[in-house]
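Under the UniProt record's numbering, the residues of the sequence shown are numbered 1 to 370, in order.
Even glycine gets a Cβ: it sits at the ideal position worked out from N, Cα and C.
Right, one structure below, let's go through it.
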Amino acid sequence: MRKLNILYFIPLLLFILVIGGCSSGQSDKTDDNGNAGDEGINEVSKDNPSGDLAPLDETASVVIAEDGSASGAGFYIAKEKGYFEDYNIEVEFAQFSNSDDMLPALASGEVDIAGGVSTASFFNAIAQGIDVKIIADKGHNIKGDSYFSFVISKELEDEIKEYADFKGKSIAVSTKNAVDEYIFHKMLNHAGLTEEDVEFVLMSDFGNMLASVGNGSVDAALQIEPLITQGSQQGIHTRFGNTTDYAPEAQIAMVLGSPKFITEEKNISLRFMAAYLKGVRDYNDAFIKGEGKDEVIQIMTEYTALKDPELWENVAVTGLNPNGEMFVDDIKSQYQMYKDNGAISGEFDFEKAIDTSVTEKAVEILGEYE
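Pasting the structure below:
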């Protein structure tokens with residue numbers, strides 16, 4: 001009888017082990033935060049609403065710190081065209097009075113995604129312990145068609161023919177120890193000039209720059225769209241050269257992610273990034289290829305301060321890389337300039353701060369943009 005019992009027990013034990021293994025395989029798909037792992041849930045199928053990744057089982061809310069700037073196009077387009085919804089993601093836009101308030105909220109997870117502009121204060125905040133991740137491109141100049149470039153007074157068109165002619169002239173720049181000043185110095189180096197050769201005028205408001213160039217208070221300004229196009233149309237100033245003449249790979253803004261969102265909520269952040277890149281690709285289709293342009297312009301007029309569709313046809317738009325790629329070497333060059341100026345406190349760990357893994361994985365799923 002003892003042998004008979006053992007014979008019955010062995011198949012029963014094997015059955016329990018098999019069932020237990022299946023159960024273990026299911027539990028491996030979720031982590032301590034309730035996020036499913038890569039196996040299964042991140043398989044790609046054209047039958048999913050998105051055409052790639054399956055939607056999340058439960059609706060996820062993602063908070064984006066965004067101020068209506070044109071560089072947020074990927075977010076706006078993805079929302080309006082339902083790309084976030086396809087993944088069962090709801091996005092909420094939150095505004096902050098300044099970026100100094102935004103970074104702590106991002107580090108704490110109060111905000112999931114934000115846009116960051118290269119400044120000494122940005123690097124200092126991270127160097128001093130505020131943990132945020134730099135994950136994707138959110139703004140650069142398109143070669144030959146910069147959205148962030150110099151303008152000169154109409155009265156000086158015959159006098160300023162090349163960059164070296166800025167010698168002795170007053171030039172308005174919006175910030176010190178930020179990407180604006182970095183581009184200003186790139187121009188001076190290109191022209192063979194030094195700071196002593198020109199008058200640097202700090203002017204934080206781009207609208208004031210427009211008026212100041214118009215009334216002759218300053219000779220030139222590092223201006224931004226749509227004011228570059230508006231000022232040219234109104235005969236106030238003349239666009240001069242192109243930023244990509246001397247700073248072809250200037251990284252102006254970056255997408256930032258909270259460490260929790262990027263490292264602990266991977267299934268949500270992966271779907272978010274896939275939706276974002278789809279929006280960015282539609283933006284490139286519209287403004288680079290001319291495909292679906294009317295629809296994209298309509299979305300941009302709803303979300304940004306530029307409400308005139310006709311002006312969108314003429315402005316130099318913000319460059320947004322359709323694969324999310326950044327000019328990392330240029331970010332490092334900007335940091336070095338701020339450090340050389342004595343504006344950096346502490347050391348910035350680029351290896352820790354820059355994490356493009358979720359962007360790269362999203363591109364693997366979507367494929368490279370053509």
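message: So, under 8 Å CB-CB, V296 and D282 are touching, yes? Tell me the CB distance rounded to an integer number of Å.
response: By one-based count along the sequence shown, residue 296 stands at place 296. By one-based count along the sequence shown, residue 282 stands at place 282. Contact holds; Cβ gap of about 6 Å.
- request: Please classify S269: is it buried, with 16 or more other beta-carbons within 10 angstroms of its beta-carbon, or exposed?
  value: As a working note, residue 269 is residue 269 in the sequence shown. With 16 or more Cβ atoms within 10 Å of its Cβ, S269 is classed as buried.
- request: Note down the Cα distance separating K332 from T244, rounded to an integer number of angstroms.
  value: Counting from one through the sequence shown, the residue named residue 332 turns up at place 332. Counting from one through the sequence shown, the residue named residue 244 turns up at place 244. K332 and T244: Cα-Cα distance of roughly 18 Å.
- prompt: Considering only C-alpha positions, which residue in the set E157, G319 and E302 is nearest to N141?
  reply: Mapped onto the sequence shown, residue 141 falls at position 141. Selected option, being the one with the closest Cα: G319.
query: Closest to I113 by CA distance: which of D100, A125, G367 and A94 is it?
result: Taking the first residue of the sequence shown as 1, we reach residue 113 at position 113. Nearest C-alpha to I113: A94.
- prompt: Would the beta-carbon of T59 fall within 7 Å of that of N98?
  reply: Walking along the sequence shown from the start, residue 59 turns up at place 59. Walking along the sequence shown from the start, residue 98 turns up at place 98. Not closer than 7 Å, so no.
- request: Would you check if there are 3 or more beta carbon pairs closer than 8 Å linking the stretch 40-54 to the stretch 250-263?
  value: no
- prompt: Is the beta carbon of F148 sitting closer than 7 Å to the one on I262?
  reply: Here residue 148 corresponds to residue number 148 of the sequence shown, with the count starting at 1. Here residue 262 corresponds to residue number 262 of the sequence shown, with the count starting at 1. Not in contact: F148 and I262 (Cβ atoms no closer than 7 Å).
- prompt: Which of helix, strand or coil does DSSP assign to I262?
  reply: Translated into the one-based positions of the sequence shown, residue 262 becomes position 262. It is helical.
field: Sufficient close CB pairs (3 or more, under 8 Å) joining the stretch 278-292 to the stretch 68-75
entry: yes
query: Helix or strand or just coil, what does DSSP make of D145?
result: Taking the sequence shown and counting its residues from 1, one reaches residue 145 at position 145. It is a strand residue.
field: Cut-off 6 Å between Cβ atoms - residues of its own chain near Y182, not counting five sequence neighbours on either side
entry: Numbered from its first residue, the sequence shown carries residue 182 at position 182. Only Q334 and M337 meet the Cβ criterion.
query: If you follow the beta strand (DSSP E) that M254 is part of, which residue opens it and which one closes it?
result: Position 254 of the sequence shown, counted from the first residue, corresponds to residue 254. Run containing M254: Q251 to G257, per the beta strand (DSSP E) assignment.
message: So, at 6 Å on beta carbons, what are the nonlocal neighbours of K79 in its own chain, with the 5 sequence-adjacent residues on each side left out?
response: Residue mapping note: residue 79 aligns to position 79 of the sequence shown, counting from 1. If we look at K79 and ignore the five residues flanking it on each side, its Cβ neighbours are V91.
query: Can you round the beta-carbon distance between V201 and K167 to whole angstroms, since I take them to be within the 8 Å contact cut?
result: Position 201 of the sequence shown, counted from the first residue, corresponds to residue 201. Position 167 of the sequence shown, counted from the first residue, corresponds to residue 167. Wrong, their Cβ atoms sit about 15 Å apart, outside the cutoff.
query: Does the beta-carbon of N321 have 16 or more other beta-carbons within 10 angstroms, so that it is buried, or is it exposed?
result: Position 321 of the sequence shown, counting from 1, holds the residue named residue 321. N321 comes out buried.
message: Given this structure, state the Cα-to-Cα distance separating I365 from V63, to the nearest angstrom.
response: Residue 365 sits at position 365 when you count from the first residue of the sequence shown. Residue 63 sits at position 63 when you count from the first residue of the sequence shown. If you take the alpha carbons of I365 and V63, they lie about 24 Å apart.
query: Helix, strand or coil: how does DSSP classify V179 here?
result: The residue given as residue 179 occupies position 179 in the sequence shown. The three-state reading of DSSP puts V179 in helix, counting H, G and I together.
field: Whole-angstrom C-beta distance between M273 and V218, which should lie under 8 Å
entry: The residue labelled residue 218 in the question sits at position 218 within the sequence shown. The residue labelled residue 273 in the question sits at position 273 within the sequence shown. Not a contact, Cβ separation roughly 41 Å.
field: Residue span of the alpha helix (DSSP H) that contains residue 438, given as start and end
entry: This structure gives no information on residue 438, because the portion of the chain shown stretches from 1 to 370.
field: Continuous alpha helix (DSSP H) assignments of at least 4 residues falling wholly in the stretch 288-368
entry: 293-303, 309-312, 328-340, 350-353 and 357-366
task: State the Cα-Cα distance for the pair K260 and H185, rounded to the nearest angstrom.
output: By 1-based counting over the sequence shown, the position of residue 260 is 260. By 1-based counting over the sequence shown, the position of residue 185 is 185. Roughly 37 Å between the two C-alpha positions.
task: Taking only the alpha-carbon atoms, compute the straight-line gap between K352 and F96 and give it to the nearest angstrom.
output: Sequence index remark: in the sequence shown, residue 352 carries index 352 (1-based). Sequence index remark: in the sequence shown, residue 96 carries index 96 (1-based). Distance between the alpha carbons of K352 and F96 is about 25 Å.
task: To the nearest angstrom, report how far apart T301 and F348 are at their CA atoms.
output: Position 301 of the sequence shown holds residue 301. Position 348 of the sequence shown holds residue 348. Approximately 37 Å, taken between the alpha carbons.
query: Buried or exposed: D330, going by 16 or more other Cβ atoms within 10 Å of its Cβ?
result: Residue numbering aside, residue 330 sits at position 330 when the sequence shown is read from its first letter. D330 is buried by the Cβ-count criterion.
query: With C-beta atoms as the reference, is V363 less than 7 Å away from N314?
result: Working through the sequence shown from its first residue, we reach residue 363 at position 363. Working through the sequence shown from its first residue, we reach residue 314 at position 314. Cβ atoms of V363 and N314: not closer than 7 Å.
task: Return the CA-CA distance between D294 and L222, expressed in angstroms with no decimal places.
output: By one-based count along the sequence shown, residue 294 stands at place 294. By one-based count along the sequence shown, residue 222 stands at place 222. Answer to the nearest angstrom: the Cα atoms are 29 Å apart.
message: Is the beta carbon of R239 closer than 7 Å to that of V317?
response: For the purposes of this step, residue 317 is taken as the residue at position 317 of the sequence shown. For the purposes of this step, residue 239 is taken as the residue at position 239 of the sequence shown. It is not a contact, given that the beta carbons lie outside the stated cut-off.
query: Along the chain, which unbroken stretches of the alpha helix (DSSP H) at least 4 residues long are found entirely within the stretch 181-216?
result: 206-215
task: List the endpoints of the continuous beta strand (DSSP E) containing A164.
output: Indexing the sequence shown from 1 puts residue 164 at position 164. From DSSP, A164 is part of no beta strand (DSSP E); its letter is neither H nor E.
- prompt: Using the C-alpha atoms, what's the distance from P104 back to S170?
  reply: As a working note, residue 170 is residue 170 in the sequence shown. As a working note, residue 104 is residue 104 in the sequence shown. Distance between the alpha carbons of S170 and P104: 37 Å.
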